[in-house]
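Read left to right, the sequence shown gives residues 96 to 349 (this note's numbering).
All residues carry an ideal CB built from backbone N, CA and C; glycine is no exception.
Model, not experiment: these values are computed from the prediction.
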Amino acid sequence: MASEYYQNNNSTFSGFSEENVMSVDPRGFKSLLQSEADTFLKEEQVRLNSTVSVISYTEGGVRVALTDGQILTADYVICTFSLGVLQHQDVQFQPPLPLWKREAIHSMNMGAFSRRISTLPTAILQNELLSVLSSMFPSINTTLPDGTTVPSTIPEPTAMHFHSWNDDPLFRGSYANWPPAFLAEHHANLRADLQGRVWFAGEATSKLYFGYLQGAYFEGQDIGMNVAECIQAGGCLGLEHVELVKNARPYDIV
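What follows is the structure in structure tokens.
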């Protein structure tokens with residue numbers, strides 16, 4: 096259970112529930128997303144094991160190159176790359192991202208949080224207690240050998256599962272976080288499209304729920320509606336951006 100302060104000052108808890116819910120579906124958490132996608136996506140529209148390498152865009156459309164050499168063309172694209180992938184420039188944009196977009200991307204932080212699931216020879220934790228163990232520099236934990244990240248007070252595990260999200264090239268971190276110097280203008284620029292053709296969505300672009308699954312869901316829903324309107328209207332004006340960030344403006348998240 097989260098603290099009272101956190102519940103009252105975090106939109107995820109104050110806006111939904113104070114309870115943390117975990118999916119224990121043996122098919123995995125992805126089954127929730129797959130079930131929803133099955134309601135509208137056709138099998139040939141899904142490209143599994145396909146990694147984007149280059150996105151070329153003009154006022155007339157978009158060309159997407161995959162690492163296997165395939166080329167896809169579209170009138171519009173929605174980029175849902177994590178903030179970490181954008182920061183590492185794992186995907187190249189042609190022409191390069193404008194300065195205001197690059198500044199916004201690098202003005203935000205990508206958090207490091209990885210769960211280590213262990214099977215112990217005996218149960219040692221109380222049912223009502225959940226502990227989070229961390230060092231002063233948690234991101235370093237992902238680079239250390241397994242044996243050095245387990246406290247000596249914990250018995251040797253009989254099995255263990257751990258995924259380093261920082262090292263995964265498809266994620267480059269766990270979730271986005273707003274640092275103190277991240278301004279409202281930066282958020283507008285992170286979210287803004289390019290020439291009305293390349294759009295961005297994800298938990299990082301959510302002003303209210305950044306870092307959370309529902310942030311990515313609501314952002315995808317909103318940007319998807321924007322693109323749908325562009326298609327129906329035969330064009331669109333796109334979202335506003337700030338060419339030069341100089342002064343902070345009040346945050347409006349209502």
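Go to residue i, then tell me how far its beta strand (DSSP E) extends in each direction, as first and last residue.
i           : result
residue 206 : 204-206
residue 187 : 187-189
residue 84  : The shown model of the chain, from 96 to 349, leaves out residue 84, and the question about it has no answer.
residue 167 : 166-169
residue 350 : Within the shown structure, residues of the chain are numbered from 96 to 349, placing residue 350 beyond reach of any answer.
residue 295 : 293-295
Looking at the structure shown, is residue i part of a helix, part of a strand, or coil, going by DSSP?
i           : result
residue 225 : In this prediction, residue 225 scores a pLDDT of 49, lower than 50, which makes its location untrustworthy; no coordinate-derived value is stated.
residue 96  : Confidence in residue 96 is poor, its pLDDT being 43 and thus under 50, which makes the residue's placement unreliable; the coordinate value appears in the next sentence. Looking at residue 96 - three-state DSSP - the assignment turns out to be coil, as it is neither helix nor strand.
residue 117 : coil
residue 214 : strand
residue 325 : helix
residue 312 : helix
Could you pull the start and end residues of the alpha helix (DSSP H) that residue i belongs to?
i           : result
residue 156 : No alpha helix (DSSP H) contains residue 156, which is instead part of the beta strand (DSSP E) from 156-161.
residue 285 : 279-286
residue 145 : Element bounds for residue 145: n/a, residue is neither H nor E.
residue 254 : Unbroken run through residue 254 is the beta strand (DSSP E), 254-257; no alpha helix (DSSP H).
Between which residues of its own chain and residue i is the CB-CB distance below 8 Å, once the five residues before and five after are set aside?
i           : result
residue 217 : 250
residue 350 : Nothing about residue 350 can be reported from this structure: the residues present for the chain run from 96 to 349 only.
residue 269 : 205, 206, 207, 208, 209, 260, 261
residue 198 : 281, 284, 340
residue 338 : 195
residue 153 : 290, 292
Identify, in the order they occur along the chain, each residue of the same chain with its Cβ nearer than 7 Å to the Cβ of residue i, setting aside the five sequence neighbours on each side.
i           : result
residue 106 : 303, 304
residue 252 : 213, 214, 215
residue 162 : 146, 148
Drop a sphere of 10 angstroms on the beta-carbon of residue i, count the other beta-carbons inside from all chains shown, and report buried for 16 or more, exposed for fewer.
i           : result
residue 299 : buried
residue 326 : exposed
residue 157 : buried
residue 177 : buried
residue 148 : exposed
residue 142 : exposed
residue 122 : exposed
residue 119 : exposed
Just to confirm my understanding: we take residue i, look at its own chain, exclude 5 residues before and 5 after, and list those with CB closer than 6 Å. What are they?
i           : result
residue 175 : 296, 297
residue 144 : none
residue 169 : 157
So, under 8 Å CB-CB, residue i and residue j are touching, yes? Tell me the CB distance rounded to an integer number of Å.
i           : j           : result
residue 185 : residue 274 : So it is not a contact: roughly 22 Å between Cβ atoms.
residue 181 : residue 150 : No, residue 181 and residue 150 are not in contact; Cβ-Cβ is about 11 Å, not under 8 Å.
residue 166 : residue 318 : Their Cβ separation, rounded to whole angstroms, is 24 Å, which puts residue 166 and residue 318 out of contact at 8 Å.
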